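Enquirer: Following the working numbering, the residues of the sequence shown are numbered contiguously, the last one being 130. Encoded as structure tokens, here's the structure I'll be asking about.
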Amino acid sequence: MLKTTQSTQNVNLNELSTIELAQALAQRLAISEKDWHRLKANRPARASEQAAAALVFLLKNQADEALPRLSQAVGWLDKSISAPPCPTHGHGK
């Protein structure tokens, strides 16, 4: 049964363009609002999100959009950037 499922998935994947696959990956790796606080400082999650977005732009021949996202991904991995504080916390009181 697993073999049938894998074959079905492969056929479906083969029907998608490279850009569609990259967009699906970027959507899967994007950090949602509900997960933002939990994952905002998770370096692998943030780097993956940025690298997948960069791949979409690269495949669309938009290197000027891909490059800053790749730089962000590298920054998360080499720890040269950190998550900014949440704008809704720490103000006022």
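All residues carry an ideal CB built from backbone N, CA and C; glycine is no exception. Because the structure is a prediction, the values reported are computed rather than measured.
If you draw a straight line from the alpha carbon of residue 55 to that of residue 96, how long is it in whole angstroms?
Expert: 8 Å
Enquirer: With H, G and I counted as helix, E and B as strand and the rest as coil, what does DSSP make of residue 54?
Expert: coil
Enquirer: I need the DSSP call for residue 99, collapsed to helix, strand or coil.
Expert: coil
Enquirer: Please report how far the alpha carbon of residue 72 lies from the alpha carbon of residue 59, in whole angstroms.
Expert: Approximately 21 Å between the Cα atoms of the pair.
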